[in-house]
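Structure first, then comments.
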Amino acid sequence: MSILGWIALGAALVVVVYLWYMCFCFWHLLRIASVSTRRVLQAIKALPCKQYHPDAAAAEDSTDPGSCAICLSDFEEGELVRTLPCAHDFCKPCIDSWIKRQGMAASCPLCKRAIVSRDPQVVNANEDVEEASTDTVEGDSGGTATGTRHVRQSRLRPLRSGDALLAPAAEERPQHEALLQASSSVQ
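The sequence shown maps to residues 1 to 187 in full-length UniProt numbering.
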């Protein structure tokens with residue numbers, strides 16, 4: 001075999017190895033994409049979905065805007081609404097397409113809280129959070145509220161109303177009450 005034959009054989013071998021490597025990389029990317037897509041679809045499926053009723057929404061939360069922050073349309077009676085872990089509500093088609101477009105980086109359009117867990121062990125984080133926080137909590141108006149939506153909102157409400165940042169800690173620990181009162185008097 002002449003030198004030209006060896007060069008041709010070497011070039012052919014390089015091309016074959018290169019093509020095999022490209023196929024392997026493509027297969028690997030497809031596998032990663034399918035895992036990510038599956039995790040995103042599982043996250044969407046795990047989010048609670050309900051029919052919107054204006055009277056029930058007003059009873060649950062007086063600050064409920066009754067509209068989707070993505071499409072800016074008001075919720076219709078009986079429309080399917082999806083609730084995120086941060087307790088924000090959106091039209092089901094709007095938030096589903098929002099999450100699918102953003103993929104693993106999906107976050108709430110309003111508060112930017114992560115929706116899809118990057119940890120493969122956390123398949124249904126929403127159920128864990130809901131089970132962990134279904135306690136009865138006293139509200140600002142003196143009544144009691146039960147459920148995860150009310151618990152989360154009661155912890156967020158002092159931050160929205162301009163109170164000190166220690167307000168959620170003061171609700172959980174009485175020793176922080178003095179710090180909360182001191183910071184309120186400074187303002």
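Beta carbons: idealized from backbone N, C-alpha and C, even for Gly.
Task: the region 82–90 touching the region 19–37, judged by at least three CB pairs closer than 8 Å - done: Fewer than three beta-carbon pairs drawn from the region 82–90 and the region 19–37 are found closer than 8 Å, and the two stretches are therefore not classed as touching.
Task: CB-CB length for residue 115 against residue 69, believed under 8 Å - done: Counting from 1 along the sequence shown, the entry for residue 115 is found at position 115. Counting from 1 along the sequence shown, the entry for residue 69 is found at position 69. Incorrect: roughly 14 Å between the Cβ atoms, too far for contact.
Task: Inter-residue spacing [alpha-carbon to alpha-carbon] between residue 89 and residue 112 - done: For the purposes of this step, residue 89 is taken as the residue at position 89 of the sequence shown. For the purposes of this step, residue 112 is taken as the residue at position 112 of the sequence shown. Our two residues, residue 89 and residue 112, have alpha carbons roughly 14 Å apart in a direct line.
Open item on the list: Quick check on the burial criterion: 16 or more other C-beta atoms within 10 angstroms. Buried or exposed for residue 38?
Closed with: Your numbering for residue 38 matches position 38 in the sequence shown. Classification of residue 38: exposed, given that the 10 Å Cβ count is below 16.
- [ ] State the DSSP-derived secondary structure class of residue 86, mapped to helix, strand or coil.
- [x] Taking the first residue of the sequence shown as 1, we reach residue 86 at position 86. Coil.
- [ ] Compare the C-alpha of residue 195 against each of 48, 106, 102 and name the closest.
- [x] Residue 195 lies beyond the residue range present for the chain, which begins at 1 and ends at 187; the question has no answer from this structure.
Open item on the list: So, with DSSP's three-state summary, where would you put residue 81?
Closed with: Position 81 of the sequence shown, counting from 1, holds the residue named residue 81. In the structure shown, residue 81 falls within a strand segment according to DSSP collapsed to helix, strand and coil.
TODO: Would you mind working out which of 103, 75, 100 sits nearest residue 195, comparing C-alpha positions?
DONE: Examination of residue 195 is not possible in this model, given that the chain is present from 1 through 187 alone.
Task: First through last residue of the alpha helix (DSSP H) which encompasses residue 68 - done: By 1-based counting over the sequence shown, the position of residue 68 is 68. Residue 68 -> no alpha helix (DSSP H), and no H or E assigned at all.
- [ ] Can you say whether residue 95 is buried or exposed, counting buried as having 16 or more other CB atoms within 10 angstroms of its CB?
- [x] Residue mapping note: residue 95 aligns to position 95 of the sequence shown, counting from 1. Around the beta carbon of residue 95, 16 or more other beta carbons sit within 10 angstroms, so the residue counts as buried.
TODO: For residue 71, I'd like the list of residues in its chain whose CB is within less than 8 Å of its CB, leaving aside the five on either flank, ordered along the chain.
DONE: For the purposes of this step, residue 71 is taken as the residue at position 71 of the sequence shown. For residue 71, the CB contacts under 8 Å within the same chain, skipping 5 residues up- and downstream, are 91, 94 in chain order.
TODO: State the start and end residues of the unbroken alpha helix (DSSP H) segment that holds residue 92.
DONE: Position 92 of the sequence shown, counting from 1, holds the residue named residue 92. 92–102 is the span of the alpha helix (DSSP H), which, as asked, contains residue 92.
Open item on the list: Classify residue 99: buried if its beta carbon has 16 or more other beta carbons within 10 angstroms, exposed otherwise.
Closed with: Residue mapping note: residue 99 aligns to position 99 of the sequence shown, counting from 1. By the 10 Å Cβ count, residue 99 comes out buried.
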